[in-house]
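One structure is given here, and the rest of the page talks about it.
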Amino acid sequence: MIINHPLLGPRDAQEFTYLGDATLINRPYWLSENALRDFHDYLHLRDNPAGEHRELWFHEQGDRSWLVVTRNTVTHKISSVELACDVARANGRSTGREEAQVA
Amino acid sequence: MTQMNRLTGGLIDQSKPLNFSFDGTSYKGFAGDTLASALLANGVRLMGRSFKYHRPRGVVTAGSEEPNALVELRSGGRQEPNTRATVAELYDGFEANSQNRWPSLKHDMLAINDRFSNFLTAGFYYKTFMWPKAFWEKIYEPIIRNAAGLGSLTGEGDPDLYDKGFLHCDVLIIGAGPAGLMAALTAGRAGAQVVLADEDFRMGGRLNAETHHLGDMPGAEWAATAVAELASMDNVRLMTRSTVFGAYDHGVYGVLERVADHIATPAAGKPRQILWRVYSKRAILCAGSTERSIAFENNDRPGVMMAGAVRAYANRWAATPDQNIAIFTNNDDGHRTAADLIAKGVNVPAVIDIRPDAPKVVGAELLAGAQVIGSKGRLGLTEVTLRLASGEMRSISCGALAVSGGWNPNVHLTCHQRGRPKWNDALAAFVPGDDLPMGMTVAGAALGDLSTHGALAGGAKAAVAALGDLGMTAGIPILPKADDTPVKLTPFWHVAGKGRAWLDLQNDVTVKDVKLAHQENFVSVEHLKRYTTLGMATDQGKTSNMGALAVMAEMTGKSIPETGTTIFRPPYTPVSMGAMAGRAVGKEFHPTRLTPSHKWAAEQGAEFVEVGNWLRAQWFPRTGEDHWRQSVDREVTQTRNSVGICDVTTLGKIDVQGADAAEFLNKIYANAFAKLPVGKVRYGLMLREDGIAADDGTAARLAEDHFVVTTTTANAVTVYRNMEFARQCLWPDLDVQLISTTEAWAQYAVAGPNARKLLQKVVDAEFDLSNEAFPFMACGEITVCGGTRARLFRISFSGELAYEIAVPTRYGDGLIRALMAAGKEFDVTPYGTEALGVMRIEKGHAAGNELNGTTTALNLGLGRMVSTKKDCIGNVLSKRDGMNTEDALRLVGVRPVDAKDPVPAGSHLMAVTGPVDAGHDQGYVTSAAYSPTLGTAIGLAFVKGGAARMGERLRLANPLEGSEVLVEIVSAHFVDPEGEKLRG
């Protein structure tokens, strides 16, 4: 596969390490009322779609960026590649200090 | 021996004779021959034995689809089994042997299988070898294994080199027949970067096998002219002997180039084969088509061949399987073989066409509406039996029968991304479906355009379209005038009859087997394939799948498209393991990482051990030490009594910088780092998010905004990866940057009571190493040896007064020599990983054996390190009830009651009396060593309820080796439990 790195352009998938579902970005708040349940679900419950899947890839043999790759698991067609830090910010993540305030 | 079946002409060079041998007999062929064409020219039809029944077999095709003529080439380390004689190019001194026969090809003992064919039908494994059960392992399996397989290997190492290569192009064109050549000319003339790959050693495809003209030139001549033009273009790369064997994701193709298979040995330093990875923006599949057979009783005799192949041998190789060749066909293409053979002077006794309205034939008798119902000739065809249109029987004497059942487009690569071919009624064949691999188009016969004109036009059109996609403009060239006759064919798959009619020649699957599978209710083609093994041989059923599908459709009363088809997967033709491995063999299987002191350690005669990719010194034997334990015990004792030095460069080092560096470390370590003062080091434990211990190490604060984190050697890569995940994905706005500096710093542990004295001789005088100025867990940036930049950490894995000193890697060799020279007066010893391990077990420090992916901070006795005041990876789930029970496993030490007893690592702890089983398991030993300090074996163990059981006796059980040892539970800190030495 070829992953079109947002900073480096098209790179062979062999340069990357695969992690999995991009929902791993959405780590729960540790002091929330249902923290144990939230962390259980965060860590263990995943969708396994036959189709579009947003997933985390690490450019280990490259610039060490974590990427969110939207890939069709049936055809391997990749429809978008984003920097994971941008996705994380868009999901409301910042320094961790904000979590206590939201809660 | 004379070449009795050699004709005139052809594309071989009859002025260049070559000597070769087959099964020890010497023959002559010509430059341009394949083994198959040369054997046919020499009158040899018998080339192999079939897989299951050991039936005598000859060559059937003239290309890579060959199911029968598999041979062993070369000898010694270069011996290569299962090579198709049809693609093996002849060279002088070429050596080949038949396979799957004993004692000889003509007299094969296992041919007895053929007599028992009634018992060896589809599924016979499943039915026959079921009982008695005890027979399987001792009797059935050895017999089957002995009989299975075709060729053999010598077991010697392959002396040749294999390479890997990478190519990038605008358009990859697969196949250099008329469609591929025209596509390449079109794209090449437009300036595109083109790769044209063909499995053959001569480009042109069927143009080399036919007598058609293109414009005023014979086809082969036109092809040679086109190739010459392409060769003159800088933007076109021509790859002959190069099989595109797989279509992978996103326009990536695997290509095997056989650089030196056609010569006896590769030129010095040159590879035998190259495995290319081709990155293409567009690909045009021009893979042509494969002729299919018509099944009839005993249609597997040597001499029964595909009509197109017989034509190819006659036209290209000036070889014929016999001087009397009958034709059996259901389509007009079979008639071409008759015409070409007659033109070459070969006698054609009859053209047997199943169609009552077959076209007229000149120069041979036409038997329209007739069918071949049987054949004779044990080791080669002598006669075919026919049923004429009138119903009368007739026999015809002939040494070969050229059969044509029509042509199947080579859709294989269109299926490699699970694309499904679709049925074309006009061709009675499957053509490429709509779901092609990304960027691929198909042209020519592979698409179902079976005429020469259709191929030329299709190739040009596909190239124009592909370039258009890429924003380039190409014009449709003027095409030479070429044959454009439509295909006339009456689908016909097998002749009705009671005898065995072969479909899959390589795996010995007959029409009867398919019928049997149907009777036994195998309704899906996928099940049919697996039950009968149809199409599962090395040829993936290129010549057989269609026939079997047709029989299956007939049995079920469905049409062929309703019956469905299996699809193909890579590789298109077999790829050798050597090519897959490339240069990554032997020592080069993985990279070897050497520590900065490696050269010095090798000079000392160190024994090395592989730790991941690293080579680390395991121990340093001295004169007179002939057992590793002597060296290790001495290294431990000398270190504990004076001073020792160990290269610890392999530990992972991660530089953490930024205003939020401390806050970041708080999140990735279970324990707190925010308040660690500058100039101090702290032990840190990392958890996985599920609360299990992941790794441990130290973090040294060199400045407010600068830490150096160490990891274990094994986890250096994953810890760094996880830290980057935390930084980028979880807390993207923290002001922190990471970089791995594992290879940037050479680092040595200097341990023992004289460590300070030794270091003072190396560290520059302005740095005060006194216990007051530089106490336990201090760190700082210093200089050594008169101004060389260094870092010093007062940390101890051995339990001794110890330091780790780091210098930029390029000074690592210099530093070890300086340290050893300075330590001479203290009788310093270098120590390896074994002594390192012994000392950490004596001190009760956890390592990889204890952080084994199942243990928690609580198990390790570090439960209180998990801060409750801050968030960190793994914090929440480490609080799960099940991981915090009173009787949870705890890390303890074990000591044999009898000091002479061993402590076998991995043993399980049981009560002193009672059963030894999983139900009574109380824990297990993770690490064990002989402690020269204590004079006895010791171990670290996880025991239920650990700390409360000090002094208790338990039994160490090792049921695998039948040993039991009585041990006492003791503190894991065997040596200096108060830590006085390391603080001194």
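Sequences listed follow chains A and B, in order.
Counting along the first sequence from 1, when you hit position 15 you're at 15 in this note's numbering, and nothing is skipped either side.
Counting along the second sequence from 1, when you hit position 244 you're at 347 in this note's numbering, and nothing is skipped either side.
Every residue, glycine too, gets a C-beta built ideally from N, C-alpha and C.
Here the structure is a predicted model, which means the values were calculated and not measured.
Nearest-angstrom beta carbon gap, residue j and residue i [assumed within contact, 8 Å]
| i | j | result |
| --- | --- | --- |
| L359 of chain B | T346 of chain B | 5 Å |
| A938 of chain B | T742 of chain B | 7 Å |
| G278 of chain B | A390 of chain B | 5 Å |
| E710 of chain B | P724 of chain B | 7 Å |
| E1067 of chain B | G1054 of chain B | Contact doesn't hold; Cβ gap of about 20 Å is too wide. |
| G917 of chain B | V995 of chain B | In fact, because the Cβ distance is near 43 Å, the residues do not count as touching under 8 Å. |
| P184 of chain B | S255 of chain B | 6 Å |
| P1035 of chain B | V739 of chain B | 5 Å |
| N857 of chain B | F929 of chain B | 4 Å |
| L299 of chain B | L341 of chain B | 5 Å |
| M150 of chain B | N122 of chain B | About 19 Å; that fails the 8 Å criterion. |
Neighbour list for residue i in chain A, Cβ cutoff strictly below 7 Å
| i | result |
| --- | --- |
| K770 of chain B | G96 |
Chain-ordered neighbours of residue i on chain B, where CB pairs are closer than 9 Å
| i | result |
| --- | --- |
| L36 of chain A | V979, L980, K982, R983 |
| R93 of chain A | C832, L833, W834, P835, D836 |
| L45 of chain A | Ordered by position in chain B, no residue passes the 9 Å Cβ test against L45 of chain A, which lies about 13 Å from the chain. |
| L7 of chain A | Going along chain B, no residue has its Cβ under 9 Å from L7 of chain A, so there is no contact; the nearest lies around 13 Å. |
| A50 of chain A | Within chain B, no residue comes near A50 of chain A; the closest Cβ sits about 12 Å away, beyond 9 Å. |
| R89 of chain A | P835, D836 |
Interface residues of chain B facing residue i [CB-CB closer than 7 Å]
| i | result |
| --- | --- |
| T17 of chain A | R824 |
| E60 of chain A | R824 |
| W57 of chain A | Those do not exist, as W57 of chain A stays about 11 Å from chain B at its closest Cβ, beyond 7 Å. |
| R64 of chain A | E827 |
| R27 of chain A | L833 |
Proximal chain A residues relative to residue i, where beta-carbon distance stays under 8 Å
| i | result |
| --- | --- |
| L353 of chain B | The sequence shown places His at residue 353 of chain B, rather than the Leu named in the question. Result: M1, I2, H76, I78. |
| D1088 of chain B | Absent from the model: residue 1088 of chain B. The displayed extent of chain B is 104 to 1087, so no value can be given. |
In DSSP terms, what residue i is bridged to
| i | result |
| --- | --- |
| I2 of chain A | A:D12 |
| I885 of chain B | B:A893 |
| G161 of chain B | B:L149 |
| D263 of chain B | DSSP, once it has assigned bridges, lists no residue as partnering D263 of chain B. |
| F810 of chain B | B:V759, B:R804 |
| I795 of chain B | B:T959 |
| H53 of chain A | A:R71 |
| F1045 of chain B | B:L994, B:Y1027 |
| R187 of chain B | B:L173 |
| L121 of chain B | B:G132 |
Listed by chain order, chain A residues near residue i by CB distance under 9 Å
| i | result |
| --- | --- |
| M541 of chain B | T75, H76, K77 |
Within-7 Å CB hit, residue i to chain E
| i | result |
| --- | --- |
| D974 of chain B | Absent from the structure: chain E. Protein chains present are A and B. |
The ligand FMN heavy atom lying under 6 Å from the CB of residue i
| i | result |
| --- | --- |
| R732 of chain B | Looking at this structure, you won't find the ligand FMN or any other ligand, since it has none at all. |
Subject >> Interface residues of the stretch 807 to 839 of chain B facing chain A [CB-CB below 7 Å] >> reply: For the stretch 807 to 839 of chain B, which is checked against every Cβ of chain A, the residues closer than 7 Å are R824, E827, F828, Q831, C832, L833, W834, P835, D836, L837.
**OP:** Assess, as a yes-or-no matter, whether the stretch 191 to 205 of chain B is touched by the stretch 639 to 647 of chain B under the definition of 3 or more beta carbon pairs within less than 8 Å.
**Re:** Between the stretch 639 to 647 of chain B and the stretch 191 to 205 of chain B, the count of C-beta pairs closer than 8 Å stays below three; the two stretches do not touch.
Original post:
Touch check for the stretch 907 to 915 of chain B and the stretch 724 to 743 of chain B: three-plus C-beta pairs under 8 Å?
Top reply: Under the 8 Å Cβ criterion, the stretch 907 to 915 of chain B does not count as touching the stretch 724 to 743 of chain B, having fewer than three qualifying pairs.
Subject >> Validate contact between the stretch 681 to 701 of chain B and the stretch 644 to 658 of chain B using beta carbons, cut 8 Å, 3 pairs >> reply: No: the two stretches stay apart, fewer than three of their Cβ pairs being nearer than 8 Å.
**OP:** May I ask you to verify whether the stretch 760 to 776 of chain B touches the stretch 797 to 811 of chain B, counting CB pairs closer than 8 Å and requiring at least 3?
**Re:** A contact exists between the stretch 760 to 776 of chain B and the stretch 797 to 811 of chain B.
**OP:** Inspect the CB distances between the stretch 317 to 326 of chain B and the stretch 599 to 608 of chain B and report whether three or more fall short of 8 Å.
**Re:** Between the stretch 317 to 326 of chain B and the stretch 599 to 608 of chain B, the count of Cβ pairs shorter than 8 Å is below three; the stretches do not touch.
Original post:
Got a sec: which bits of the stretch 777 to 797 of chain B sit with their beta carbon under 8 Å from any beta carbon on chain A, in order along the chain?
Top reply: Correct list: E792, D793.
Original post:
When the Cβ atoms of the stretch 82 to 95 of chain A are set against those of the stretch 53 to 68 of chain A, are three or more pairs found closer than 8 Å?
Top reply: Contact annotation: the stretch 82 to 95 of chain A touches the stretch 53 to 68 of chain A, with at least three C-beta pairs closer than 8 Å.
Original post:
Quick one: any contact between the stretch 436 to 443 of chain B and the stretch 350 to 368 of chain B, if contact means 3 or more CB pairs under 8 Å?
Top reply: Using a C-beta cut-off of 8 Å, the stretch 436 to 443 of chain B makes no contact with the stretch 350 to 368 of chain B, since fewer than three inter-stretch Cβ pairs fall below that distance.
Original post:
Should the stretch 857 to 875 of chain B be regarded as contacting the stretch 791 to 805 of chain B, the criterion being three or more beta carbon pairs within less than 8 Å?
Top reply: Judged by Cβ distances under 8 Å, the stretch 857 to 875 of chain B makes no contact with the stretch 791 to 805 of chain B, as fewer than three pairs qualify.
Original post:
Is the number of C-beta pairs between the stretch 607 to 618 of chain B and the stretch 489 to 501 of chain B that are closer than 8 Å three or more?
Top reply: By the C-beta criterion, the stretch 607 to 618 of chain B is judged not to be in contact with the stretch 489 to 501 of chain B, since fewer than 3 inter-stretch pairs fall below 8 Å.
Original post:
For the 8 Å Cβ check, are there 3 or more pairs between the stretch 983 to 991 of chain B and the stretch 999 to 1011 of chain B?
Top reply: A contact between stretches requires three or more CB pairs, one per stretch, nearer than 8 Å, and the stretch 983 to 991 of chain B fails this requirement with the stretch 999 to 1011 of chain B.
Original post:
Looking at C-beta atoms only, is the number of pairs between the stretch 413 to 422 of chain B and the stretch 109 to 126 of chain B that lie closer than 8 Å three or more?
Top reply: Yes, since at least three Cβ pairs between the stretch 413 to 422 of chain B and the stretch 109 to 126 of chain B fall closer than 8 Å, the two stretches touch.
**OP:** Say whether the stretch 395 to 412 of chain B touches the stretch 284 to 292 of chain B, bearing in mind that this needs 3 or more beta-carbon pairs closer than 8 Å, one atom from each stretch.
**Re:** Touching, no.
Original post:
Is the stretch 1025 to 1044 of chain B in contact with the stretch 967 to 974 of chain B, if contact means three or more CB pairs nearer than 8 Å?
Top reply: With a cut-off of 8 Å, the stretch 967 to 974 of chain B and the stretch 1025 to 1044 of chain B do not count as touching, because too few Cβ pairs lie within range.
**OP:** Could you tell me whether the stretch 375 to 382 of chain B touches the stretch 570 to 580 of chain B, using the rule of 3 or more Cβ pairs below 8 Å?
**Re:** Result no; under three Cβ-Cβ pairs closer than 8 Å.
Subject >> Touch test, the stretch 769 to 778 of chain B against the stretch 970 to 985 of chain B, Cβ-Cβ under 8 Å, three pairs minimum >> reply: Enough Cβ pairs lie closer than 8 Å, so yes.
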